[in-house]
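Below is one structure, written out as structure tokens; comments come after it.
Okay, here's the thing in structure tokens:
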């Protein structure tokens, strides 16, 4: 066959060479693609959560550390109470604790007696931030910075419980589904919206308290005093709820060792501990706010505690950590709302009608919970 000329058909030899080059190029591209995929696969981040903390390690945390057993020695009362106090401090805050202190359930239950006193530390921390910020900024900004300080100190501990409770009770039907949703680490719509609204309400109430105190020239409720009193009183709710309600045990949870041990250790929250925690929760608001406003705080906390206990027993058969945290948040927010309310406007039945409507709306979930239980058992 004659050599190929411009415009003529290509020769068989030229076609073979062209085809060979195309195959080599395709093979090279495929090899580069495979190499890229393998490199990307190797570059994927490692799941450190599963490799650092195993399920067995989480379950073993309920047994305490090697150097701290579960024995409370009455002969070494001050050492034992020292460990009890710092167990509660480490549980509720980010503050450092001495070596040898852990989250042992037996000592954690005993430490609930100190929760109201620890509320003085948390509320005082927020009060210092509020007073410092109020020098430069209006009450709204000071309230935000103060709340930021308290949630940083607690690690958003109770807010996490509030979010899980909103998700579980909002999206679940029946005990099993509610508990399953509450264990889910993902944030749902109920958790997001409910927590945002709760924080907005708290910030608005604190800003109103600050504006009222500034307008009264120091004659109103001091925001710092309100923060201390409310943080103390709201944390008291854990004591009677844990002592009087069933603590839920969940055999499907990875941390069931700790939770089940806590459920079996509630008897360690003895009447003397309950009494001492109650005395602290009663004395601090009285000193910080005075008798009239302290009675308002007492009333809110008592109503929230009773309603929370009834609601928890009716829907999920008791209480658990997230539920207790949600109760603290609800009590805290409502206390701020009561303290900043303009009670002078409630001077008759007509003026009290909106208040009665609010009480009725708030009672609907408690009255509705029986239907939730019935639907969940179908």
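In full-length UniProt numbering, the protein residues as written are 1 to 378.
Ideal placement from N, C-alpha and C gives every residue a C-beta, glycine not left out.
Since this is a predicted model, take the numbers as computed values, not measurements.
- Between residue 289 and residue 221, the CB-CB gap stays under 8 Å.
- Assignment of residue 151 by DSSP, reduced to helix, strand and coil, places it in the helix class.
- Following the DSSP letters along the chain, one finds residue 164 inside the alpha helix (DSSP H) bounded by residues 157-171.
- Looking at the backbone, the Cα of residue 213 and that of residue 141 are separated by about 15 Å.
- When the Cα atoms are used, residue 217 and residue 100 turn out to be separated by approximately 49 Å.
- Rounded to whole angstroms, the separation of the alpha carbons of residue 247 and residue 79 is 28 Å.
- In this chain, the alpha helix (DSSP H) harbouring residue 180 covers 175-183.
- The beta carbon of residue 161 sits closer than 6 Å to those of 322, 325, 326, all from its chain and outside the five residues before and after it, given in chain order.
- The Cβ atoms of residue 123 and residue 223 lie no closer than 8 Å to each other.
- By the criterion of a C-beta distance shorter than 8 Å, residue 263 is surrounded in its chain by 246, 247, 248, 249, once the five residues flanking it on both sides are discounted.
- Cβ-Cβ distances below 8 Å link residue 343 to nothing in the same chain once the five nearest sequence neighbours on each side are left out.
- Note on residue 356: under 16 other CB atoms within 10 angstroms of its CB, so exposed under the neighbour-count rule.
- In its chain, beyond the 5 residues on either side, 116, 232, 233, 236 have a beta carbon closer than 7 Å to the beta carbon of residue 281.
- Residue nearest to residue 152 within the set 226, 269, 93 is 93 (criterion: CA-CA distance).
- Annotation: the continuous alpha helix (DSSP H) that includes residue 235 extends over 223-235.
- Between residue 84 and residue 133, the alpha-carbon positions lie close to 34 Å from each other.
- Taken atom to atom, the span from the alpha-carbon of residue 202 to that of residue 75 is near 45 Å.
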